[in-house]
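J.:
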Amino acid sequence: MKPLQIITFIVIAVLDLYMVINDLPRVWTKPLLMLSLFVFSLFQLRQKSKDHLLFLTAQCFALFGDISLLGNGNLSFMLGLGSFLIMQLFYAFVFFKQKAIGVHKRRLAIGLIIVIGLVFFKILLPYTGDLMLPVILYNISILGMVIMALLRWKVSGYWLVVIGAILFLISDATLGYAKFVGPMLHSGFIIMFTYSAAQLCIVHGYLKPLNTEK
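Position in the sequence shown (from 1) plus 4 gives the number in the working numbering.
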């Protein structure tokens, strides 16, 4: 991504965070986050877009998830959850195709991620009720995405994608806790700050190797 594109996204993210802090409608600001990243990706990929269709599709599902979560109630939440689950599966598959090392090379980091995931499961699941199965599947998918990001070793933009995946995990953990367990101070800000940073890092990190090919 070009510096101007990154700055544009940051401006949109800051505006959206302002809306979150002041409890204002985010009908435009929230969808613009992923829409802008999708447009920037298309501009950079151009004729190579077909080779990166899964990555672009993942961004579309993220956009749909953002729009769904603007609503209230379980239906909106389930639509958002399903959209982000598909996004994570697509991201994980794209990262898997770029896998450069085996699990044994990152066993400490992967083990830590799994332990964190299990601890969060233990905290969250007793509160999920009828949504227990979807929440389990969702958490497995995001842990898988983080692990696949860790296995993209020696790819340009590697650490950006890893940081993005971990930030996504933090964002979703905060969202899950705030929804199912109980209120958290400034949870809305934490969720959107980490989410926006996560998507920027993932997209920028993924596109970075393509800059070197030109």
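Virtual Cβ for every residue (Gly too), placed ideally from N, Cα, C.
Tell me the rounded alpha-carbon separation between Ile117 and Trp163.
T.: On the sequence shown, residue 117 is found 113 positions in, with the first residue counted as 1. On the sequence shown, residue 163 is found 159 positions in, with the first residue counted as 1. When rounded, the distance between both Cα atoms is 16 Å.
J.: Return yes when the Cβ of Phe193 is within less than 8 Å of the Cβ of Val31, no when it is not.
T.: Here residue 31 refers to the residue found at position 27 of the sequence shown. Here residue 193 refers to the residue found at position 189 of the sequence shown. No; because the gap between Cβ atoms is not below 8 Å, this pair is not in contact.
J.: Here's the rule I'm using: 16 or more other beta-carbon atoms within 10 Å means buried, otherwise exposed. How should Asn26 be labelled?
T.: Mapped onto the sequence shown, residue 26 falls at position 22. Under this definition Asn26 is an exposed residue.
J.: Considering just the uninterrupted stretch of the alpha helix (DSSP H) at Gly285, what are its terminal residues?
T.: The displayed coordinates of the chain run from 5 to 218. Any statement about residue 285 would go beyond what the structure contains.
J.: Cα separation between Pro138 and Val43?
T.: Mapped onto the sequence shown, residue 138 falls at position 134. Mapped onto the sequence shown, residue 43 falls at position 39. Approximately 31 Å between the Cα atoms of the pair.
J.: Using the beta-carbon count (16 or more within 10 Å), is Phe68 buried or exposed?
T.: Position 64 of the sequence shown holds residue 68. Label assigned to Phe68: buried.
J.: Which of the three DSSP states, helix, strand or coil, is assigned to Arg30?
T.: As a position in the sequence shown, residue 30 is number 26, starting the count at 1. Reduced to three states, the DSSP call for Arg30 is coil.
J.: In three-state terms, what does DSSP make of Leu49?
T.: Your numbering for residue 49 matches position 45 in the sequence shown. In this structure, Leu49 counts as helix in the three-state DSSP scheme.
J.: So, is Tyr22 buried or exposed, given that buried needs 16 or more other C-beta atoms within 10 angstroms?
T.: Within the sequence shown, numbered from 1, the residue matching residue 22 stands at position 18. Exposed, because fewer than 16 other Cβ atoms sit within 10 Å of the Cβ of Tyr22.
J.: How should Asp134 be labelled, buried or exposed, when 16 other C-beta atoms within 10 angstroms of its C-beta is the threshold for buried?
T.: By 1-based counting over the sequence shown, the position of residue 134 is 130. Counting Cβ neighbours within 10 Å, Asp134 comes out exposed, since fewer than 16 surround it.
J.: Which residue marks the beginning of the alpha helix (DSSP H) containing Gln102, and which one marks its end?
T.: Counting from one through the sequence shown, the residue named residue 102 turns up at place 98. Here Gln102 belongs to no alpha helix (DSSP H), and DSSP marks it neither H nor E.
J.: So, for Leu83: in the same chain, excluding its five sequence neighbours on each side, which residues have a beta-carbon less than 7 Å away from its beta-carbon?
T.: By one-based count along the sequence shown, residue 83 stands at place 79. Excluding sequence neighbours, Leu83 sits near Ser72.
J.: State the DSSP-derived secondary structure class of Arg111, mapped to helix, strand or coil.
T.: For this step, residue 111 is matched to residue 107 along the sequence shown. Three-state DSSP puts Arg111 in a helix.
J.: Going by DSSP in three states, Asn78 sits in which element: helix, strand or coil?
T.: Locating residue 78 in the sequence shown gives position 74, counting from the first residue. Of the three classes helix, strand and coil, the one that applies to Asn78 here is helix, per DSSP.
J.: Check this for me: beta carbons of Gly161 and Gly115, under 8 Å apart or not?
T.: What you label residue 161 is simply residue 157 of the sequence shown in a count that begins at 1. What you label residue 115 is simply residue 111 of the sequence shown in a count that begins at 1. No, these two residues do not count as a Cβ contact at 8 Å.
J.: Looking only at its own chain, which residues have a Cβ that is under 6 Å from the Cβ of Ala62, when we skip the five neighbours before and after it?
T.: Here residue 62 is taken as the residue at index 58 of the sequence shown, counted from 1. Cβ neighbours of Ala62 beyond the five flanking positions: Met91, Phe94, Tyr95.
J.: Determine the burial state of Gln48: buried for a count of at least 16 other Cβ atoms within 10 Å of its Cβ, exposed for fewer.
T.: Position 44 of the sequence shown, counted from the start, is the residue given in the question as residue 48. Burial call: buried.
J.: Compute the beta-carbon to beta-carbon distance between Ala66 and Met38, rounded to the nearest angstrom, for a pair I have assumed lies under 8 Å.
T.: The count along the sequence shown starts at 1 and reaches residue 66 at position 62. The count along the sequence shown starts at 1 and reaches residue 38 at position 34. About 5 Å; that satisfies the 8 Å criterion.
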